[in-house]
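Engineer: This structure is in structure tokens; I'll ask about it shortly.
Number of protein chains: 4
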Amino acid sequence: MKVIKDSVHDHIQIDGVARDLLDTPELQRLRRINQLGTVSLVYPSANHTRFEHSLGVYHLACEALEGLGVEGKRADRVEAAALLHDVGHGPFSHNLEALTHRRTGRYHDDVHDLLADGEVGAVLRDHDLEPETIADLVAGEGRFGQIVSGELDVDRMDYLVRDAHHTGVPYGTIDHGRLVRELTFVDGELALAEGNVQSAESLLVARALMNPTVYSHSVARISKAMLRRATERLLESTDVDAHTLQRMDDADLIARLRSTEETTEFSRRLDHRDLFKRAVWAEIDDVPGGIIESDHETIREFEREIATDAGVDPECVILDVPRRPSMTESTSRVVVNGDVRRLEQQSPLVGALRAAQYSQWRLGVYSPPGMLEAVGRSAVSVLGLDIDGALVSEVRDGLDATLDQFLE
Amino acid sequence: MKVIKDSVHDHIQIDGVARDLLDTPELQRLRRINQLGTVSLVYPSANHTRFEHSLGVYHLACEALEGLGVEGKRADRVEAAALLHDVGHGPFSHNLEALTHRRTGRYHDDVHDLLADGEVGAVLRDHDLEPETIADLVAGEGRFGQIVSGELDVDRMDYLVRDAHHTGVPYGTIDHGRLVRELTFVDGELALAEGNVQSAESLLVARALMNPTVYSHSVARISKAMLRRATERLLESTDVDAHTLQRMDDADLIARLRSTEETTEFSRRLDHRDLFKRAVWAEIDDVPGGIIESDHETIREFEREIATDAGVDPECVILDVPRRPSMTESTSRVVVNGDVRRLEQQSPLVGALRAAQYSQWRLGVYSPPGMLEAVGRSAVSVLGLDIDGALVSEVRDGLDATLDQFLE
Amino acid sequence: MKVIKDSVHDHIQIDGVARDLLDTPELQRLRRINQLGTVSLVYPSANHTRFEHSLGVYHLACEALEGLGVEGKRADRVEAAALLHDVGHGPFSHNLEALTHRRTGRYHDDVHDLLADGEVGAVLRDHDLEPETIADLVAGEGRFGQIVSGELDVDRMDYLVRDAHHTGVPYGTIDHGRLVRELTFVDGELALAEGNVQSAESLLVARALMNPTVYSHSVARISKAMLRRATERLLESTDVDAHTLQRMDDADLIARLRSTEETTEFSRRLDHRDLFKRAVWAEIDDVPGGIIESDHETIREFEREIATDAGVDPECVILDVPRRPSMTESTSRVVVNGDVRRLEQQSPLVGALRAAQYSQWRLGVYSPPGMLEAVGRSAVSVLGLDIDGALVSEVRDGLDATLDQFLE
Amino acid sequence: MKVIKDSVHDHIQIDGVARDLLDTPELQRLRRINQLGTVSLVYPSANHTRFEHSLGVYHLACEALEGLGVEGKRADRVEAAALLHDVGHGPFSHNLEALTHRRTGRYHDDVHDLLADGEVGAVLRDHDLEPETIADLVAGEGRFGQIVSGELDVDRMDYLVRDAHHTGVPYGTIDHGRLVRELTFVDGELALAEGNVQSAESLLVARALMNPTVYSHSVARISKAMLRRATERLLESTDVDAHTLQRMDDADLIARLRSTEETTEFSRRLDHRDLFKRAVWAEIDDVPGGIIESDHETIREFEREIATDAGVDPECVILDVPRRPSMTESTSRVVVNGDVRRLEQQSPLVGALRAAQYSQWRLGVYSPPGMLEAVGRSAVSVLGLDIDGALVSEVRDGLDATLDQFLE
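Protein chains in written order, with the UniProt record's numbering: chain V, 1 to 408; chain A, 1 to 408; chain U, 1 to 408; chain P, 1 to 408.
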């Protein structure tokens, strides 16, 4: 048995198949992938990696399994899946997910291959575990898959606490010890035992508060959009394909972006934190509904149109349209007076937090500081935005007389 | 300048009038008053005192004043008020508040006297501060009183974090550093500066989650009700009056309860944690509306009636009817797009949390373990409760055939 | 199984005999005994109790037993002993230990009685455990007794971390998780496994740094000496005997001291933190060796002599002579290259810390602020102190010309 | 003023020249340099960077300056120096220091150039600060330079606490708040005020315990030695020179090591954590004294000789000879009874910790797992080691009969 010191869970004991998986190149790669990607440009201490998070998820899975009385081969499978659940992540974690998924097709297939091949596959087979089954657990399939990926999964419990610890933002401090201990199976579905409505709510609230403060902080979104744009250029202008990209770590990608002519400017901006700023920051309600359903190509079309209208280089306009807010935790199961209920049936908080999320749902148009006014004006016109409220304060505060007139 | 080590804020620097107030008997008494009263019977680590909390409130007040640019005599007054804000608390803090206020009349007058008399008054006058003005600040009056007592007061910021630290329940971990720094005055009203809707929400959420988990935990409520009952008996059967009670510390009251024949049994039960249990735990909706507005006498009448009906000693029935839930934080002011808004106008969370609070609002009837069934049955009948849902699971689980029939 | 939330170890699961012991009056009494006695007059947040500490010791004992592979009845015994280890403590914990032991004889016999009688005895027998055996374990006897009381006991591990957490002084933050996990038995003796010399040193260092900063802080020593003196008067002037005292909790003793004429002045001083100050603070080297070995009567004789010489009331002079410094941890066993060695054989730190402890070993003479000079002068003369270095700075700084001459 | 959230100091307020320096490429580069280099291969959470550390040092410098009453231009200079103090660090922080210094000459000159040139120079001059002066402060020169670099510098205070926080090893938790506040100047020398011998000792002890547990952990040393070897090869086989190396960040170096044929194998080993192991781990006393003073060339000569003797590729032998242990903190100044003393004159701990450090001083010979025995044997012979105690347990445990004979 190996004991690893962790800044969140203190000591993590690792044993059996997990112990052997630890030494595979696939898992070691996660040491070099930041957990929160560009969020570290907002919170400088947020340099934790997918590797330590994977250890944390494994640790909480072990505790959950013990509480649920799951042992033997069954537990081994869940533990392996917990440790491996992020092994398919590309560089900068979720930052480039949309990009690589668009280009490589389903993420799930990719994880299947990753677990079947290479050293991970060999270790799994050595321990008489079928890679296919582990991949299904990673995808949250089946009774036990819910522990790894689902409304009450240990992934969420670890990342909330870990991200809070490393950013210094206290909102993610849930009572993971209690949550893990109170997990139970009712009719094959994972639920929180009687008396845990508040615990379930606290999980929901933690994510609802971490979202705008950390995960969707405007500067994190801007830098992520810049990174995504740069990486698209890399894929278009070099022999790097989406599959290769997916297997890189952060250092690989940084190095390629620096050394590729087409991406060197974005790379410099990211390195020096010389970022684009918001030309437009609009509630999505203001936006013609169609844009959300738009495919990637439509969005690029909008960007080009805005750039043309504003008379600037197309590389200077980024249109950032986040997906419709979702709230997985709202369907968490909780036992109330002996019955299993979905949290959203039970808690008035669910609806309120969903409403809050929608009210924070913003479309952004970003460009270099010098062109904010021109780009903002064009974007309002091209996207047909309701002008009132659409331009962010950075622009508004610096409005010259002309724009003031324009806005009136 | 004196530096005091605090387990929450690390180092607290204390100076000027506050430094001198620290040595007064009135403030030193707070060392012997538990911050959370009987909550320590649920959370054994929750033994922090009003004294350390007062230091914490003073510390946050100093930070707030610095951020607001308030200096000199004006700052001295607020600092004194912050340090003294709990000086009027009787033993077991809020546990006996209702009792003493009922008997002594307005709390406010009492604080006025306390600050004007004795060593506190002498110290204040030595520093050219008028006790009357400080008492007004303690009561939250005037522009600067809001810092000490109001929707965004530093009292709340300290107790949430401190209670979380000492109970081990993480829900109270707000970002007090940010909150204090973002305070601003708009048209004489204390508000959070632009961009702090989430900060305001986090404060609200913290209290909403701490409430059922800590402050209104059923065992804390039961033991508090027992302590209140015992103290009433003490006032009735000895020469201790409400005013004397108010000046006691926890040790005084414990000793008197132990040595008074009429209260020795309650005292033993509290000492040995041999507590009453819930015979009824009913949503207040189930209850004839009138009971909430009932005065103390009506409630005692109900208790006696239930006891008679159940054939038990009246001392074995406690009816606990909490006040209508309130949510001070819902009217916090936040600057949004340049305008000051009340949080409830801005955040869908306010309504949801208020609804959640109402749904957790419970009336309790408590009695010794051996008589739960009889007392529960009588209480349902006397109070005219809707039977369904009114009896708590402890009773229900142990129901004999008779009661099962009764419930059907 | 019951789960208790603890501010240090987060969740403590308690089961079996320990679960039942929890509800005994003997254990519940520990809720009302401060862990650090008068230390809270120096560190206002240090209000933790023997009860939460007992839970922590139980928790670490469970972890140690699991690591050592001890199960069944054997483990039950150690767990019971861990939970009960402080059940014999009187009010204010160690503060009055010397006093009660002097008067009641051996502490050990007392614990034997406590565990055999009352509800604790009944619970133990219900679980087929012999009170006698548990009392031996509490005394550190036998192979497994070392876990509860010995150089590497879990008592020490809990109190260092807990006292650090509650005082805010970081020096006690040892790696208890590692220490507990690395415990092993070699030839029936408890030792730390190979590779843990630093771990053992860290335990030693933690206590060496906590000692002067917390446990023997001069203000804690003064207030403890005042409490001891008051309690002696109580025993002399009332029907309270040492045995009754030993069964009191803090509230009992506070109340008795307040209501007894002979002790009311000391009580007032402690309540208002209006403490004696140091008239003399002398390295013990300066002191005629004999004083250390002196019995209690000799010390009282000295006090009277000083008071007479200074012309003050004998109640105004306290002579505080701490015992010769000891360092239990210096004999901790550690496995080094396969052999068990005592830490003092292995680590140069042991000697250095011992030397440091001796250099901090101070005799104090305390009296009310107004008489420091007179009492200090008399004490120097009566005790035959080397004048240079004997008077504390408080006195020295306020020296008038006369005393300056005297000192020259 | 900008406020940055930090996981250690919570909120850091940054203003004036520091605020402007923050946006320079030179400082932003530190975001991509791990604070502890290869230590993250031992402690997976230790991914904090020189950037957040620099912010922390700046923060503590501000607090120290406030306490010392230093203001205006003088304070600006020290604050700038604090923020910039690590700007000269190359990739992997101290890991490659010896290497780059050997090749670039004096580090100090380099910092002078760095501060005078580029955007940092421009910002400094904009604020009327002379780069030369700031570089002197970074080097610890002059009265105020001691705050930035010296026995009691804020650099040390930040890194101990930060490294403890991120590794999870508690030994570094010093009371930095107290240390910073107690700094004072006596005759132009920085010292801790009266009553702080323990504070000074705690700083010393913290580093003494962090050293073997974190900074010089054997796996951290091995991986560091491998990285150093790889980087030497890079410098020999490519156009990268020491100066270019010094300006790289971690990602740059990782990418170059991966893409250079001569270093790809070391790079793979580091990426996959497939590390060399200890063939020899000898107390330096066992070693011919001369080796310590040996220059780099002599050590390489030894390595080649061992490889030849063992019949293995020279790339498979690394001889790691750490410098003679030093203990800067031993000369910290503390005021004792009004006089300034060096800590080593005052505290018996200094000598003991120095002795402990010497007893932990080890020479290592590392090689791939398959050749440990052969390399170990040759190293013992080539270096003329005292055999007893020289071979590490990994080797010893796997000894075949031959080696057993050899050892006898």
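For each residue, glycine too, the CB sits at the ideal point set by N, CA and C.
Check whether chain A comes within 8 angstroms of Arg181 (chain P), counting only Cβ atoms and requiring the distance to be less than that.
Structural biologist: Taking Cβ atoms only, chain A reaches closer than 8 angstroms to Arg181 (chain P), which makes this a yes.
Engineer: What residue range does the alpha helix (DSSP H) around Phe302 (chain P) cover?
Structural biologist: Phe302 (chain P) -> alpha helix (DSSP H) spans His296 to Ala310.
Engineer: Can you tell me whether Glu26 (chain P) is buried or exposed? The criterion is at least 16 other CB atoms within 10 Å of its CB, across all chains shown.
Structural biologist: It is buried - the Cβ of Glu26 (chain P) has at least 16 other Cβ atoms within 10 Å.
Engineer: Rounded to whole angstroms, what's the CA-CA distance from Leu21 (chain P) to Ala81 (chain P)? Just pull it up for me.
Structural biologist: Each residue's alpha carbon lies about 10 angstroms from the other.
Engineer: Per the DSSP calculation, His11 (chain V) is bridged to which residue(s)?
Structural biologist: Its beta-bridge partners are V:Lys5.
Engineer: Is there a Cβ of chain A sitting closer than 8 angstroms to that of Lys5 (chain U), yes or no?
Structural biologist: Yes, Lys5 (chain U) lies at the interface with chain A (some Cβ there is under 8 angstroms from its Cβ).
Engineer: Return the Cβ separation of Leu204 (chain P) and Leu60 (chain P) in integer angstroms, given the expectation that the two are a contact with Cβ distance under 8 angstroms.
Structural biologist: With a Cβ gap of about 18 angstroms, Leu204 (chain P) and Leu60 (chain P) do not count as contacting.
Engineer: Report the residue ranges of all alpha helix (DSSP H) runs contained in full by the region 335-364 of chain V; include only those spanning at least 4 residues, in chain order.
Structural biologist: As far as the region 335-364 of chain V is concerned, its whole alpha helix (DSSP H) runs of at least 4 residues are 343-346 and 348-359.
Engineer: Buried or exposed for Lys2 (chain U), please, with buried defined as at least 16 other CB atoms from any protein chain shown within 10 angstroms of its CB.
Structural biologist: It counts as exposed.
Engineer: Kindly list, in the order they appear in chain P, the residues whose Cβ is closer than 7 angstroms to that of His165 (chain V).
Structural biologist: Chain P residues near His165 (chain V): Ser7.
Engineer: Going by other Cβ atoms of all chains shown within 10 Å of its Cβ, with 16 needed for buried, is His94 (chain A) buried or exposed?
Structural biologist: Burial call: exposed.
Engineer: Apart from the five residues on each side of it in sequence, which residues of its chain come closer than 6 angstroms, Cβ to Cβ, to Arg181 (chain A)?
Structural biologist: Same-chain partners within the cutoff: Gly67.
Engineer: When the Cα of Asp153 (chain P) is compared with those of P:Glu262, P:His85 and P:Ser367, which residue comes out closest?
Structural biologist: Taking only the C-alpha atoms, the option nearest Asp153 (chain P) is P:His85.
Engineer: Strictly under 8 angstroms for the Cβ-Cβ distance: is Ala251 (chain V) near chain P by that measure?
Structural biologist: For Ala251 (chain V), the answer is yes, since a Cβ of chain P falls inside 8 angstroms of its Cβ.
Engineer: Would Val280 (chain V) pass as a contact of Gly376 (chain V) if the rule is Cβ separation under 8 angstroms?
Structural biologist: The answer is yes: Cβ separation under 8 angstroms.
Engineer: Less than 6 angstroms between C-beta atoms, sequence neighbours within five positions excluded: which residues of the same chain meet that for Gln405 (chain P)?
Structural biologist: Its pLDDT being 27, under 50, Gln405 (chain P) is placed unreliably in this model, and the coordinates cannot settle the point.
Engineer: Just reading off the alpha helix (DSSP H) that Ile254 (chain U) is part of, what are its end residues?
Structural biologist: Asp250 to Ser259 is the extent of the alpha helix (DSSP H) around Ile254 (chain U).
Engineer: Looking at the C-beta of Gln405 (chain V), does it have a partner C-beta in chain A at a distance below 8 angstroms?
Structural biologist: Below a pLDDT of 50, predicted positions are generally treated as unreliable, and Gln405 (chain V), at 27, falls in that range; no measurement from the model is reported.
Engineer: Near Val335 (chain U), what residues of its chain come up, given a Cβ to Cβ distance below 6 angstroms and the 5 sequence neighbours on each side ignored?
Structural biologist: Closer than 6 angstroms at Cβ, skipping near neighbours: Ala191, Ala193 and Glu194.
Engineer: Let's see if you can read the secondary structure: which residues bound the beta strand (DSSP E) around Thr173 (chain V)?
Structural biologist: Premise fails: Thr173 (chain V) is in no beta strand (DSSP E) and is neither H nor E.
Engineer: Over the uninterrupted alpha helix (DSSP H) stretch that includes Arg147 (chain P), give me the two end residues.
Structural biologist: It should be pointed out that residue 147 (chain P) corresponds to Ile in this sequence rather than to Arg. Start and end: Gly142 to Val148.
Engineer: Got a sec, what are the start and stop residues for the beta strand (DSSP E) Glu283 (chain V) sits in?
Structural biologist: Residues Lys277 to Glu283.
Engineer: Ignore the nearest five residues each way along the sequence and tell me which others in Arg333 (chain V)'s own chain have a CB closer than 8 angstroms to its CB.
Structural biologist: Excluding positions up to five away in sequence, the list reads Glu151, Leu152, Val186, Glu189, Leu190, Ala191, Leu192, Val340, Arg341, Arg342 and Leu343.
Engineer: Specify, as a first and last residue, the run of the beta strand (DSSP E) that Thr49 (chain V) falls within.
Structural biologist: Thr49 (chain V) -> no beta strand (DSSP E), and no H or E assigned at all.
Engineer: Just grab the DSSP bridge partners of Ile318 (chain U) for me.
Structural biologist: Answer is U:Tyr366, bridged to Ile318 (chain U).
Engineer: Is there at least one Cβ from chain A nearer than 8 angstroms to Thr260 (chain U)'s Cβ?
Structural biologist: No - not a single Cβ of chain A is within 8 angstroms of the one on Thr260 (chain U).
Engineer: Mapping the DSSP letters down to three states, classify Arg333 (chain P) as helix, strand or coil.
Structural biologist: Arg333 (chain P): strand per DSSP, three-state reduction.
Engineer: Sort V:Val317, V:Leu245 and V:His127 by Cα distance to Leu275 (chain V) and report the nearest one.
Structural biologist: Cα-wise, what sits closest to Leu275 (chain V) is V:Val317.
Engineer: Pick helix, strand or coil for Thr184 (chain V), following the three-state DSSP scheme.
Structural biologist: Reduced to three states, the DSSP call for Thr184 (chain V) is strand.
Engineer: Opposite Leu192 (chain A) in the DSSP bridges: which residues?
Structural biologist: Answer is A:Leu183 and A:Val334, bridged to Leu192 (chain A).
Engineer: Short of 6 angstroms in beta carbon distance, which residues of its chain neighbour Leu349 (chain A), apart from the five on each side in sequence? Order them along the chain.
Structural biologist: These residues qualify, in order along the chain: Glu201.
Engineer: Quick test of your reading: Leu30 (chain U) and Val87 (chain U), contact by CB under 8 angstroms. State the CB separation rounded to the nearest angstrom.
Structural biologist: With a Cβ gap of about 7 angstroms, Leu30 (chain U) and Val87 (chain U) count as contacting.
Engineer: For Asp295 (chain A), would you say it is in contact with chain P, using Cβ-to-Cβ distances shorter than 8 angstroms as the test?
Structural biologist: With 8 angstroms as the cut-off, Asp295 (chain A) does not count as an interface residue toward chain P.
Engineer: Skipping 5 residues on each side, what residues in its chain have a beta carbon closer than 6 angstroms to that of Gly135 (chain P)?
Structural biologist: The amino acid occupying residue 135 (chain P) in the given sequence is Ala; Gly does not appear at that position. Around Ala135 (chain P): Val111, His112 and Leu115.
Engineer: Which same chain residues, not among the five before or five after Ala64 (chain U), have their C-beta less than 7 angstroms away from its C-beta?
Structural biologist: Counting only Cβ-Cβ distances below 7 angstroms, and skipping sequence neighbours, we find Ile147, Val154, Val180 and Leu183.
Engineer: Tell me the rounded alpha-carbon separation between Pro91 (chain V) and Leu245 (chain V).
Structural biologist: One C-alpha to the other measures close to 8 angstroms.
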